[in-house]
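Undergrad: Our numbering applies: residue 24 is where the first sequence begins, and numbers increase by one. Ideal placement from N, C-alpha and C gives every residue a C-beta, glycine not left out.
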Amino acid sequence: MKKIVTRFAPSPTGYIHIGNVRSAIYPYLAARQSGGTFILRIEDTDQARYVEGATDLIMDTLKWLGLDWDEGPEVGGPNAPYFQTQRKNLYLQWAKKLIANGRAYADPTDSNTIQGYRDSDNAKKIPYLYRNHRPEITPEWQPGMPIRFKADPKPRKWHDEVMGDLSAGPEVQDDIILIKKDGLPTYNFAHIVDDFLMNVNMVARGVEYLSSTPNYLALYEAFGIDQPLLVSLPHILAPQGNKKLGKRDGAKSATEYRDDGILPEAMLNYLACLGWNDGTEQEIYTKEELIKNFSLDHIQNSGARYDEVKLLWMNGQWIRKLVSEQGIDKFYVRTVDFWPNSAENFDDNYKKRVLSIIYDRLKTLSDLREMTTYFFEDPKFDIEQLLANKFVKKFSEQELFSMLEATIVKLSSINNWNEENLKIALNELLETTGKKPAELFSLIRISVSFAPFSPALDLTLNVLGKETTLSRLNKVKTALVLDQQ
RNA sequence: GGUCUCUUAGUAUAACGGUUAGUACAACGGGUUUUCAUCCCGUCAACGCGGGUUCGACUCCCGCAGAGAUCACCA
């Protein structure tokens, strides 16, 4: 297999939200699969939109997802630097080459004049193309002057790995700006030069670049360089409407999902499979499996709607997968930031025991905060909540009192408080009281937790311990007595 | 408006000329000694429309409709 050299080339204008991460994931997979190179290049040529610290956010996201780069910031590489502003002179040199062979020109036209061209073409209802207004005499280039490409408009055909065979006419090819007035290159130009110098042979980017591709082809041609494999990635659509997912739709950064307790494995899995499949019915993929099974031709060519519900499902799958494959100790390490505040004073072992009985109920790690408080502090005592339960309310307070009394006596007699003995004791209680599991267990469960749900009763009581269990049961018993007086 | 692209259930997708159109999420129902979840079983639900080509079309071709992208000294 040919070694794929490709790149993720974000602009440091803020965090990368999940709608954009996929254009890092797919090239990464392609590069790793072929034993090639994955480059991170920072396209910081737009000074106006530049955001301090954005590069760190971007790298943070890639690292979290496990998308390591072979060349780029922090790691360097044979084609350093990897920030375009630091490569400024290079682009100018290359633009001058084009001027020298007549394929580019310094443009003296001021912006008002250009706007005038645009307005008058619009008024005449003819498509505005700058090349129709190309100045006859162009000056020698000097700093402060933009450089434009001299278009060679003609029908163009090309192949896109996702979209198939494509074509476009001359009407979309124009004298695009290569070097801006500020001396920095445009994206349109810079990426062509960099990709060539960095030996990039595959370019993956959003479908919005499709209509600019003919101009890029013209540039490849003008330089006499081979065009790389072109891969257009469809957009991820917002949950509502048909627009591409953007920050306005609340598209969060990948790292916000980290803080919400989404596992990077699940995020990578979900995003990779949103618009790609390997033709099988597999749903859960490790990074290694994605690398092994990835193929460009299975990328979907229409937009895919972002579905957080499915992400949550997948995260739950991953939580269970990690626990069953790696055990609770390893999984526990990932949860340390997600426990309720009151868990602070409890040791790791206790928290691990809680985790081992609750983990299969988690959709996200942050669920721990809501779901486990009663293991660390006495729950908010609410006798009305107890009495409102659909099983509990079948009984009079007198009857509930008796049931609790019997339970307390029985559980007090357990010398060796463990799962096994609790199970036996609870079963015997069902017999002696003659109550159904739903009835007796609901009473006990709510009395010790006052939570909407909790793990199996024997497991819960076992972790809570004898002392806590009995004290909470007694508290409820006492309340029932007082109520009756 | 010009140009380009896309179109299978609510959502993500499978099928690459012959299947009762498969799978997953969601929804709904049921099972596993309480609850919530896991797990298991089941139900509902799709080829945008119209023409061709073909013995046969979700699959190929042509229209139409709908949706999206782009037309910057932003990427």
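Roughly how many whole angstroms lie between the Cα atoms of Glu407 and Pro478?
TA: Their Cα atoms are separated by approximately 22 angstroms.
Undergrad: Rounded to a whole number of angstroms, what is the C-alpha to C-alpha distance between Leu80 and Ile39?
TA: Computed Cα separation, rounded: 8 angstroms.
Undergrad: Helix, strand or coil: how does DSSP classify Ala127 here?
TA: Strand at Ala127.
Undergrad: Let me make sure I understand the geometry here. Which of Leu335, Asn292, Glu331 and Thr278 has the alpha-carbon closest to that of Asn316?
TA: Nearest option by C-alpha distance: Asn292.
Undergrad: From the DSSP output, which residues share a beta bridge with Ser435?
TA: Bridge partners of Ser435: none, in fact.
Undergrad: Does the stretch 279-290 come within contact of the stretch 340-360, defined as at least 3 CB pairs closer than 8 angstroms?
TA: Because the criterion of three Cβ pairs below 8 angstroms is met, the stretch 279-290 and the stretch 340-360 touch.
Undergrad: To the nearest whole angstrom, what separates the beta carbons of Leu463 and Thr456, a pair I think is in contact under 8 angstroms?
TA: Correct: roughly 6 angstroms between the Cβ atoms.
Undergrad: Should the stretch 304-319 be regarded as contacting the stretch 36-54, the criterion being three or more beta carbon pairs within less than 8 angstroms?
TA: With the cut-off at 8 angstroms, the stretch 304-319 and the stretch 36-54 touch.
Undergrad: Between the stretch 355-367 and the stretch 318-332, do three or more beta carbon pairs fall short of 8 angstroms?
TA: Output reads no: the stretch 318-332 does not touch the stretch 355-367.
Undergrad: The beta strand (DSSP E) with Met225 in it runs from where to where?
TA: Start and end: Met225 to Gly229.
Undergrad: Quick check: Ala129 and Pro166, are their CB atoms within less than 8 angstroms of each other?
TA: No, Cβ-Cβ distance for Ala129 and Pro166 is not below 8 angstroms.
Undergrad: Rounded to the nearest angstrom, what separates Pro460 and Ser472 at their Cα positions?
TA: If I take the Cα positions, the gap works out to 17 angstroms.
Undergrad: With a 10 Å radius around its C-beta and 16 neighbouring C-beta atoms as the bar for buried, classify Arg271 as buried or exposed.
TA: Under this definition Arg271 is an exposed residue.
Undergrad: Mapping DSSP to helix, strand and coil, what is Ala191?
TA: Three-state result, Ala191: strand.
Undergrad: To the nearest angstrom, how far is the alpha carbon of Glu422 from that of Leu388?
TA: Spanning the two alpha carbons is a distance of roughly 40 angstroms.
Undergrad: Roughly how many angstroms separate the alpha carbons of Asn497 and Val432, rounded to a whole number?
TA: Spanning the two alpha carbons is a distance of roughly 11 angstroms.
Undergrad: Take the Cβ of Leu220 as the centre, count every other Cβ of all protein chains shown within 10 Å, and call the residue buried at 16 or more, exposed below.
TA: Its Cβ having fewer than 16 others within 10 Å, Leu220 is exposed.
Undergrad: Starting from Arg392 and walking both ways along the beta strand (DSSP E), at which residues does that stretch end?
TA: Here Arg392 belongs to no beta strand (DSSP E); instead the alpha helix (DSSP H) covers Asp390 to Met394.
Undergrad: How long is the line joining the alpha carbons of Ser470 and Phe398, rounded to whole angstroms?
TA: Approximately 13 angstroms, taken between the alpha carbons.
Undergrad: Please classify Lys458 as buried or exposed, where buried requires at least 16 other C-beta atoms within 10 Å of its C-beta.
TA: By the neighbour-count rule (16 or more Cβ atoms within 10 Å), Lys458 is buried.
Undergrad: So what's Asp79 in DSSP terms, helix, strand or just coil?
TA: DSSP places Asp79 in helix when its eight states are reduced to three.
Undergrad: Compute the Euclidean distance between the alpha carbons of Pro169 and Lys204, then round it to the nearest angstrom.
TA: The straight-line gap from Cα to Cα measures roughly 5 angstroms.
Undergrad: Within the stretch 242-311, note down every full alpha helix (DSSP H) run reaching 4 residues or more, in order along the chain.
TA: Correct list: 277-282 and 287-296.
Undergrad: Since Phe212 is in the alpha helix (DSSP H), which residue starts that stretch and which ends it?
TA: Start and end: Tyr210 to Leu220.
Undergrad: Excluding the 5 residues flanking Val185 on each side, which residues of the same chain have their C-beta closer than 6 angstroms to its C-beta?
TA: For Val185, where only same-chain residues beyond five positions count, the Cβ hits under 6 angstroms are Val254, Ser255, Ile322 and Asn324.
Undergrad: Can you give the beta carbon distance from Trp92 to Leu63, rounded, assuming they're within the 8 angstroms contact cut?
TA: That pair is a contact at about 4 angstroms.
Undergrad: Under a Cβ-count criterion, where at least 16 other Cβ atoms within 10 Å of its own Cβ denotes burial, should Lys374 be classed as buried or exposed?
TA: Per the 10 Å Cβ criterion, buried.
Undergrad: Per DSSP, what are the beta-bridge partners of Ala327 in this structure?
TA: According to DSSP, Ala327 bridges with Ile259.
Undergrad: With a threshold of 6 angstroms on Cβ separation, who are the neighbours of Glu94 within its own chain once the five nearest residues in sequence on each side are excluded?
TA: Contacts found: Ile62 and Gly100.
Undergrad: Can you tell me which of the three DSSP states Thr136 falls into?
TA: Correct three-state label for Thr136: helix.
Undergrad: With Phe31 as the anchor, note down where its alpha helix (DSSP H) starts and where it stops.
TA: Taken as a continuous stretch (DSSP letters only), Phe31 belongs to no alpha helix (DSSP H), being part of the beta strand (DSSP E) at Val28 to Phe31.
Undergrad: Using three-state DSSP, classify Ile170 as helix, strand or coil.
TA: Correct three-state label for Ile170: strand.
Undergrad: How is Phe354 classed by DSSP in three states: helix, strand or coil?
TA: Helix.
Undergrad: Ends of the beta strand (DSSP E) at Thr60?
TA: Thr60 to Leu63 is the span of the beta strand (DSSP E), which, as asked, contains Thr60.
Undergrad: Gly37 and Val98: beta carbons closer than 8 angstroms?
TA: Cβ distance not < 8 angstroms, so Gly37 and Val98 don't count as in contact.
Undergrad: Between the alpha carbons of Phe31 and Gln56, how many angstroms are there, rounded?
TA: The straight-line gap from Cα to Cα measures roughly 16 angstroms.
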